[in-house]
Amino acid sequence: MEEDKSLVYKDEALRLAQCAAALGEVPVGAVIVRLSDGQIIGRGYNTCEKGRSPLLHAEMSAIKEACAFLGGWRLEGTAMYVTLEPCTMCAGAVLNARIDSVFYGTPDTGVRGAAHLLKNARCYEDERCAEVLKTFFGNRRIKMDRIKLVKAETDDQLKRTAALADEIWHEYFPSLLGSAQTDYMVNRFCTFEAEKENIRNEGYIYYIIKKGGEDIGYTAVKPDGERLFLSKLYLKAEHRGKGYSRQAVDMHREYARKNGLVSVWLTVNKGNFVAIRAYEGIGFKRTGSGVTDIGSGFVMDDHFYEIKA
Ligand SMILES: [Zn+2]
């Protein structure tokens with residue numbers, strides 16, 4: 035193939051990667067070229083987020099389009115240009131489709147690169163392909179990883195908080211406390227009415243934890259003498275283990291400092307090892323233990339933890 039022509043394909047793959055980036059998708063783009071006439075017969079970029087599927091890599095979409103164009107699944111006599119080294123799945127698809135050769139712009143420096151599975155794969159080392167990925171992941175880390183605490187004050191916000199509590203508690207606590215106690219605690223402490231009462235009578239402050247536009251959890255605190263009591267901090271399952279609890283705790287510590295309080299303290303069930311590990315990881319120190327009767331024959335068997343504001 036003439037050198038100029040291949041530049042067109044590389045640029046087109048890059049342009050597709052940039053489309054993906056603009057849509058919040060991992061920026062990888064691919065084109066498939068018919069070697070007999072140099073025509074691009076398939077284009078694709080990553081759409082895993084939009085399509086909610088790990089299958090929607092740029093290469094897969096380009097292969098699908100090329101097959102539709104040619105009216106069959108055999109892509110003999112074609113070449114693929116893709117901005118990133120294909121993964122195992124895509125390398126397999128390239129083999130199954132009988133694509134003659136693959137040219138990729140940058141190696142996958144992670145564990146997924148699978149060019150070694152392909153006989154005719156060559157890296158053309160285009161800085162721009164790596165750059166678009168680097169920029170994307172850099173920006174995403176800054177933009178996506180920050181949570182916001184939105185004070186829940188209106189009835190609508192408090193109802194959303196109660197709904198989050200209902201969902202998270204029923205997902206998390208039955209294995210720890212049993213279903214009966216979980217139901218009891220949700221109905222007693224986590225309803226819209228219970229929240230209203232906590233706010234009115236005890237000075238609780240509720241927050242919805244938001245990431246992007248999404249409600250991902252909730253948290254509640256209450257000034258308690260010279261300390262701030264962290265009563266609730268719950269995240270939906272898919273948002274745990276990403277450092278959001280630490281961010282929320284830091285925000286509560288800041289609130290405590292600003293209000294002249296010396297520390298933040300909390301109680302955690304003795305058997306809740308996941309939460310204990312998380313709190314200790316954040317820097318909370320155990321200050322004691324105790325059993326609290328919460329009525330109807332149920333007790334809370336807790337450790338107490340505290341961290342400086
Ligand atoms: Zn892939």
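Counting along the sequence shown from 1, when you hit position 40 you're at 74 in this note's numbering, and nothing is skipped either side.
For glycine and all other residues, C-beta sits at the position ideal for the given N, C-alpha and C.
The beta carbons of G144 and K44 sit no closer together than 9 Å. The closest heavy atom of ligand 1 lies less than 8 Å from the beta carbon of P120. Within its own chain, the residues whose Cβ lies closer than 6 Å to the Cβ of T225, once the five positions on either side in sequence are excluded, are A196, listed in chain order. Looking at the DSSP output, V325 sits in a beta bridge with D335.
The three-state secondary structure of A186, taken from DSSP, is coil. Here F332 has Q215 and Y218 as same chain residues with Cβ atoms under 7 Å from its own Cβ, once five neighbours each way along the sequence are excluded. Under the three-state reduction of DSSP output, L264 falls in the strand class. For I133, the three-state secondary structure derived from DSSP is coil.
Relative to ligand 1, the nearest heavy atom lies less than 8 Å away from the CB of E93. DSSP, read as helix, strand or coil, puts S213 in helix. Boundaries of the beta strand (DSSP E) harbouring N303: S297 to N303, taken from the DSSP string.
Within 8 Å of the C-beta of M123 there is at least one heavy atom belonging to ligand 1. 9 Å or more divides the Cβ of G251 from the Cβ of I239.
In this structure, the alpha-carbon of E99 lies about 28 Å from that of T169. Taking every protein chain shown into account, the CB of K153 has fewer than 16 other CB atoms within 10 angstroms, so this residue is exposed.
Cβ-Cβ separation between E119 and A92: approximately 12 Å, too far for a contact (criterion under 8 Å). A check of alpha carbon separations from F207 across R108, E314 and L269 identifies L269 as the nearest. Rounded to the nearest angstrom, the gap between the Cα atoms of C82 and E227 is 41 Å.
E46 places its beta carbon less than 9 Å from that of R77.
Beta bridge pairing from DSSP links R156 with F137. Secondary structure at K270: coil, using DSSP grouped into helix, strand and coil. By the criterion of at least three beta-carbon pairs nearer than 8 Å, the region 284-302 is in contact with the region 257-265.
Annotation for I316: S279, R280, V283 and I341 place their beta carbon closer than 8 Å to its own, counting only its chain and skipping 5 residues before and after. According to the DSSP secondary-structure assignment, R320 is paired through a beta bridge with Y339. Beta-bridge partners of M114 (DSSP): I66 and V136. Listed as beta-bridge partners of G251 by DSSP are I243 and L269. If you compare the alpha carbons of L300, A343 and G111 with that of T321, the shortest gap goes to L300. Scanning F223, S297, D189 and R180 for the CA closest to the CA of A199 turns up F223.
In this structure, the CA atom of V302 is about 42 Å from the CA atom of A55. CA-CA distance, G246 to I181, rounds to 8 Å.
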